[in-house]
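Counting from 1, position 143 in the sequence shown corresponds to residue 467 in the working numbering; the numbering is continuous, with no gaps.
C-beta: ideal position from N, C-alpha, C; glycine also.
Below is one structure; the comments refer to it alone.
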Amino acid sequence: TGSLDAKMKSVGREYFGTCADRNTLSDAAYEAIVIAEYGQVTPENSMKWDATEKSRGVFSMSDADYLVDWATSHGKLIRGHTLVWHSQLPSWVSAITDAATLTTVIQDHIKGVAGRYAGKIHHWDVVNEVFNDDGTFRTSVFYNVLGESFIDIAFRAAKAADPTAKLYINDYNLDYAGGKVNAMVALVTRLIAAGVPIDGIGSQAHLIVNNGAIPYMHQPLAALAATGLKVALTELDIRMTLPSDATKLADQSSNYQTAVYACKRTANCVGVTTWGVSDKYSWVPDTFSGSGAALLWDENFAKKPAYTGATAGILA
Ligand code: G3I
325 TGSLDAKMKS VGREYFGTCA DRNTLSDAAY EAIVIAEYGQ VTPENSMKWD
375 ATEKSRGVFS MSDADYLVDW ATSHGKLIRG HTLVWHSQLP SWVSAITDAA
425 TLTTVIQDHI KGVAGRYAGK IHHWDVVNEV FNDDGTFRTS VFYNVLGESF
475 IDIAFRAAKA ADPTAKLYIN DYNLDYAGGK VNAMVALVTR LIAAGVPIDG
525 IGSQAHLIVN NGAIPYMHQP LAALAATGLK VALTELDIRM TLPSDATKLA
575 DQSSNYQTAV YACKRTANCV GVTTWGVSDK YSWVPDTFSG SGAALLWDEN
625 FAKKPAYTGA TAGILA
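Next up, the structure:
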C-alpha cells in the first residue's frame with residue numbers, strides 16, 4: 325500500500341519525484357497525482373536561465389516562485405534545475421567573450437536564483453550536460469571562455485548561495501559504460517580532490533523501451549557511486565514508437581522495474597525522478613517525432629502497466 329514516494333522512503337531513500345511547473349500543476353488531474361504519489365518536484369523549465377534572467381541582473385521569478393510555494397505548501401522536496409546549462413540560455417550570456425565578465429555573470433546568476441530559495445531546495449543541479457557522449461567537454465560559452473573551471477566556479481557559487489542544498493552535476497547517456505561515464509568519474513574525482521563542494525551525480529535516464537543497455541544500467545550507476553558521491557536518476561522516462569500497444573506497454577513496465585531497481589540496488593542512490601507524470605505532457609513527442617508514451621500515467625491519467633513495474637522495482 326502507499327504511494328510511490330512512501331515506498332521509496334520505506335526502502336531508505338529520500339523521495340520518488342517528478343518534474344512539474346505552473347503549467348502542468350494547473351491541470352487538476354496532474355496536480356492530484358503529484359500530491360498523492362510523489363514526494364519531490366523538479367521545476368521542468370521555470371528555474372532555467374532563460375526563464376529567470378532574460379536580461380543581465382533582471383530576475384523574473386514568478387513561475388519559479390509558484391513551484392517553490394506549491395512544493396512548500398504541499399510538503400514536497402524540491403530539486404532545483406538548473407543553474408548553468410548551455411541550452412535555454414539567453415543570447416546575452418552566449419555573447420560574453422571575456423573570462424572576468426563571465427565569471428561574475430555566473431556568480432551573480434547563481435546568487436540571484438539559488439540565493440532566493442536558500443534553505444528551501446533539497447538538491448540543486450548546479451551544472452547540466454557539460455559532456456559530449458565521447459567524454460570530451462561540450463562546446464558552450466562557459467567552456468569556450470573559462471575552460472572546465474566554469475564548473476568549479478558554479479559549484480562554489482552555489483555553496484555560497486545556498487549552503488544547505490546538496491549540489492549535483494547532471495547529465496544524460498550515463499546509462500551505459502563508455503566515454504561519458506569515465507569522464508564524469510574523472511571530473512568529480514578532480515573536483516573532490518580540489519575541495520570543490522559537490523555532493524552528487526544525477527543520471528537523467530531518458531531511455532527507450534527495450535534498449536539493450538537497460539538490463540546493465542546498474543553498472544555505470546555503481547561506477548558513478550564508487551566516487552563516494554550520492555547518485556540519483558533525475559529525469560527518468562522510457563519512450564516507445566507510437567502507437568502504444570499491450571506488448572510495448574508490458575515491455576515498458578519491465579524496463580521501468582529494471583531502471584528503478586538499478587537505483588534501489590545502488591546503496592548511494594538517493595531517489596528517482598520521472599520527467600513528468602502523464603503522457604499528456606511530455607517533452608518526448610516534441611523532440612522525437614513519432615515517439616512518446618514514456619511515463620507512468622497515460623494521456624487520460626489512467627495508470628499504465630509501467631506504474632506496477634516501477635513499484636516492483638522499488639520493492640525488489
Ligand atoms: O516558453 C515558451 C513559450 O513562450 C512559447 O510560446 C512556446 C512555443 O514553442 O515555447 C515555450 O518554451 C518551451 C519550453 O519548453 C517551456 O514550455 C520550449 O519551446 C521548449 O523547447 C521547452 O522544452 C523543454 C526542454 O527541456 C528544452 O530544452 C522541455 O519542456 C523540458 O522537459 C526539457 O527538459 C530537459 C531537461 O531540462 C534537461 N535534460 C533533458 C530534458 C528533455 O529535453
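If the five residues before and after residue 616 are omitted, its C-beta is found closer than 7 Å to the C-beta atoms of 563, 566, 603, 606, 608 and 609, all from its own chain and listed in chain order. Residue 447 sits close to residue 404, with the two beta carbons spaced by under 8 Å. A residue is called buried when at least 16 other Cβ atoms come within 10 angstroms of its Cβ; residue 624 does not meet this threshold and is exposed. Between the stretch 500-508 and the stretch 568-575 there are fewer than three inter-stretch CB-CB distances shorter than 8 Å, so the stretches are not counted as touching.
Here residue 476 is buried, its C-beta having at least 16 other C-beta atoms within 10 Å.
In this structure residue 541 touches residue 583 by the C-beta definition: roughly 6 Å separates them, less than 8 Å.
Taking every protein chain shown into account, the CB of residue 627 has fewer than 16 other CB atoms within 10 angstroms, so this residue is exposed. When the five nearest sequence neighbours on each side are left out, the beta carbons in the same chain lying within less than 8 Å of the beta carbon of residue 629 are those of 573, 574, 576 and 577, in order along the chain.
At least one heavy atom of the ligand G3I sits closer than 7 Å to the Cβ of residue 496.
Secondary structure at residue 364: strand, using DSSP grouped into helix, strand and coil. Residue 525: member of the beta strand (DSSP E) spanning 524-527, first to last residue. In this structure, the beta-carbon distance from residue 420 to residue 469 falls below 8 Å. Residue side-chain check: residue 377 keeps its Cβ at 7 Å or more from all non-hydrogen atoms of the ligand G3I. Put simply, the stretch 380-390 does not touch the stretch 444-463. Fewer than three CB pairs are less than 8 Å apart. A distance of 8 Å or more separates the beta carbons of residue 503 and residue 580.
Between the ligand G3I and the CB of residue 611, the shortest heavy atom gap is smaller than 7 Å. Where residue 466 is concerned, the enclosing alpha helix (DSSP H) starts and stops at 465-470. Our two residues, residue 464 and residue 423, have alpha carbons roughly 13 Å apart in a direct line. Between residue 515 and residue 479, the C-beta spacing is below 8 Å. Residue 530 and residue 496 have their C-alpha atoms some 7 Å from each other. Proximity of the beta carbon of residue 599 to the ligand G3I is indicated: a heavy atom of the ligand is located closer than 7 Å.
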